[in-house]
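Everything on this sheet refers to the single structure shown next.
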Amino acid sequence: MSGLLKGKNILIMGVRNKWSIAWGIAQAAWTQGANLIFSYLGDREKESLLKLTSDMGEIDAFQCDVSREEDLDNLFSMIKSKYETLHGVVHAIAFAKSEDLQDTFVNTSKDGFMIAMDISVYSFIAVARRAQAIMTEGGSILTLTYTGSVRVSPGYNIMGVAKAALEASVRYAAHELGGKNIRVNAISAGPIKTMSAKGIRNFSDILGVVEEKAPLKRNVTLEDLGGAAVYLLSDLSSGMTGEILHIDSGYNIMGI
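For the sequence shown, this note's numbering gives the first residue as 5, with consecutive numbering after it.
Pasting the structure below:
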């Protein structure tokens, strides 16, 4: 198999099912020749992942709960042992308690705030720290955000705050890792029907608004996001770091 990512070892974190943005990215990266490595949270995610990747031949998948430092240490130790070098990381992991998405923002619990920031933001920092140590040939670290980080998206609540912190983390990591030829960027994806989106109030209304207001008059697809991710993971984006790339049918430029 040949392509833009031929010979590159890419870690994909966050595949839950066939609707996951991480899965759309994985498919696009595999089509472009990447050697894919996956991490999964637990047995349910492992079962789903193995079914999804059944046509990809033999792939490596390692258990990792990003809230556990020892799991992260083990994950990157195993990757280093087998692959020696990592060329790319896709961090597609976020979490907020359902009650903190269903209630009003000012009623966010302290526990809910801490959990959302830990899983959605600190895990990115923890992953980047470990990844850079084995990205000896440079490469690309990629995460996912949403326009709710900079504009109010009713119902997105604590996740908007977490994504704002995540975007700041992208910039700081890009600054520090640039000297190692490691690029750090994020895709700000338009709303898309994923398992996580089901927890957001009035999500179907958000889809409708974007379809109506966005210049392209449609919502984005997994293929749209996968293509953008391939660009960011490949050498085509060798001069780009610290950026938030909007893949949202142009919705972010609208003032109404």
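Built from N, CA and C at the ideal position, the CB exists for glycine as well.
Owing to the predicted nature of the structure, the values given are computational and were not obtained by experimental measurement.
- Secondary structure of GLN36 (DSSP, three-state): coil.
- Minimum Cα-Cα distance from GLU51 among the listed residues PHE66, LEU90, ASP77 corresponds to PHE66.
- Within the DSSP bridge table, the entry for GLN67 names TYR44 as partners.
- Bounds of the beta strand (DSSP E) holding ASN189 are 186-193.
- Taking a C-beta distance under 8 Å as the contact criterion, VAL94 and ILE138 do not qualify as a contact pair.
- In the assembly as shown, GLN106 is an exposed residue. Its beta-carbon has fewer than 16 other beta-carbons within 10 Å.
- The three-state reading of DSSP puts HIS179 in helix, counting H, G and I together.
- Residue environment: ASP209 is assigned as exposed (fewer than 16 neighbouring CB atoms within 10 Å of its CB, all protein chains considered).
- Around the Cβ of GLU74, a 10 Å sphere holds fewer than 16 other Cβ atoms; the residue is exposed.
- If you draw a straight line from the Cα of GLY246 to the Cα of LEU148, it comes to about 13 Å.
- One alpha carbon belongs to ALA98, the other to ASN13, and they sit about 23 Å apart.
- Distance check between MET258 and each of MET60, PRO219, SER153 places PRO219 closest, using alpha-carbon atoms only.
- Annotation: MET121 is outside any beta strand (DSSP E); the continuous alpha helix (DSSP H) that includes it extends over 114-121.
- The Cβ-Cβ distance between PRO158 and ASN111 does not fall below 8 Å.
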